[in-house]
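Participant:
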Amino acid sequence: MTDRVTGTAEDGTRLHRLLGGEPTAWLVRRARDRLEAGRPLTGTVTLADATVEQRRAVERLTGRPPRSGTSLSVSLPEVDRVLRESGAAPGGLAEAVALLTGPLRDRNRDRTDTASAWGRVRAAGRRRSGPRRTSRLAGVARRDRRRAPPSPFT
Numbered sequence: 104m105t106d107r108v109t110g111t112a113e114d115g116t117r118l119h120r121l122l123g124g125e126p127t128a129w130l131v132r133r134a135r136d137r138l139e140a141g142r143p144l145t146g147t148v149t150l151a152d153a154t155v156e157q158r159r160a161v162e163r164l165t166g167r168p169p170r171s172g173t174s175l176s177v178s179l180p181e182v183d184r185v186l187r188e189s190g191a192a193p194g195g196l197a198e199a200v201a202l203l204t205g206p207l208r209d210r211n212r213d214r215t216d217t218a219s220a221w222g223r224v225r226a227a228g229r230r231r232s233g234p235r236r237t238s239r240l241a242g243v244a245r246r247d248r249r250r251a252p253p254s255p256f257t
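Take a look at the structure:
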């Protein structure tokens with residue numbers, strides 16, 4: 104079976120070998136979160152309390168030896184470069200994330216669309232409960248006050 108973007112089975116296998124496993128799932132999730140939030144894939148992402156498998160996976164991906172400590176930091180531009188140069192994802196990290204996890208959502212647009220839809224609902228509700236309905240409710244309240252027995256406290 105061939106990869107749908109790169110066109111070869113070998114490239115798809117290489118991508119899954121580099122980023123498709125559980126040890127790098129945290130990295131893919133962080134990149135996806137940034138992309139969906141409309142943020143660039145710059146800077147580093149850090150994982151506190153990284154496992155040995157996660158450290159090895161990043162070492163295989165970047166080609167650099169692991170550093171000491173419990174946290175693991177990865178440069179997103181470095182991952183992007185490695186994916187492009189290796190041919191595993193010629194479109195870089197953004198393409199790799201979409202291939203591994205499915206189409207990306209534009210959360211900013213989703214938020215705007217949701218706010219717009221709620222605005223239309225509120226506007227429709229105001230049109231339905233315009234002045235006529237308000238005056239009818241005010242009339243019922245006046246009528247109820249006139250029918251109420253006198254209060255012993257006044």
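The sequence shown begins at 104 in the numbering used here and counts up by one.
All C-beta atoms, glycine included, are put in the ideal place defined by N, C-alpha and C.
I'd like the ranges of any beta strand (DSSP E) spanning at least 3 consecutive residues and lying wholly in the segment 122 to 198.
Facilitator: The segment 122 to 198 contains these whole beta strand (DSSP E) runs: 147 to 150 and 175 to 178.
Participant: Would you check if the segment 221 to 228 and the segment 146 to 154 touch, i.e. whether three or more CB-CB distances between them fall below 8 Å?
Facilitator: At 8 Å Cβ cutoff, the stretches do not touch.
Participant: Please work out which residues of its chain come closer than 6 Å, Cβ to Cβ, to Val182, disregarding the five sequence neighbours upstream and downstream, and give them in chain order.
Facilitator: Numbered from 1 along the sequence shown, position 79 holds the residue referred to as residue 182. The residues are Leu196.
Participant: To the nearest angstrom, report how far apart Leu175 and Leu203 are at their CA atoms.
Facilitator: Here residue 175 refers to the residue found at position 72 when the sequence shown is read from its first residue. Here residue 203 refers to the residue found at position 100 when the sequence shown is read from its first residue. Their backbone Cα atoms lie some 22 Å apart in a straight line.
Participant: For a quick check, are the C-beta atoms of Leu164 and Leu121 less than 8 Å apart?
Facilitator: Locating residue 164 in the sequence shown gives position 61, counting from the first residue. Locating residue 121 in the sequence shown gives position 18, counting from the first residue. A contact, by the Cβ cut-off of 8 Å.
Participant: In angstroms, rounded to a whole number, what distance separates the CA positions of Met104 and His119?
Facilitator: Along the sequence shown, one-based indexing puts residue 104 at 1. Along the sequence shown, one-based indexing puts residue 119 at 16. With a pLDDT of only 38 at Met104, under 50, the local geometry of the prediction cannot be trusted, and the value read off the model is given with reservation. Cα-Cα distance, rounded: 14 Å.
Participant: Could you give the distance in angstroms between the alpha-carbon of Arg184 and the alpha-carbon of Arg167?
Facilitator: Here residue 184 refers to the residue found at position 81 of the sequence shown. Here residue 167 refers to the residue found at position 64 of the sequence shown. Whole-angstrom Cα-Cα distance: 14 Å.
Participant: Does DSSP classify Asp209 as helix, strand or coil?
Facilitator: As a working mapping, residue 209 is identified with position 106 in the sequence shown. Correct three-state label for Asp209: coil.
Participant: Are the Cβ atoms of Leu179 and Val148 separated by less than 8 Å?
Facilitator: The residue you call residue 179 lines up with position 76 of the sequence shown. The residue you call residue 148 lines up with position 45 of the sequence shown. Yes.
Participant: Measuring alpha carbon to alpha carbon, tell me which residue in Thr173, Val161 and Leu150 is nearest Gly123.
Facilitator: For the purposes of this step, residue 123 is taken as residue 20 along the sequence shown, with counting starting at 1. Per the Cα distances, Val161.
Participant: For Arg137, count neighbouring Cβ atoms within 10 angstroms of its own Cβ and tell me buried if that reaches 16, exposed if not.
Facilitator: Reading the sequence shown from its first residue, position 34 is the one you call residue 137. That one is buried.
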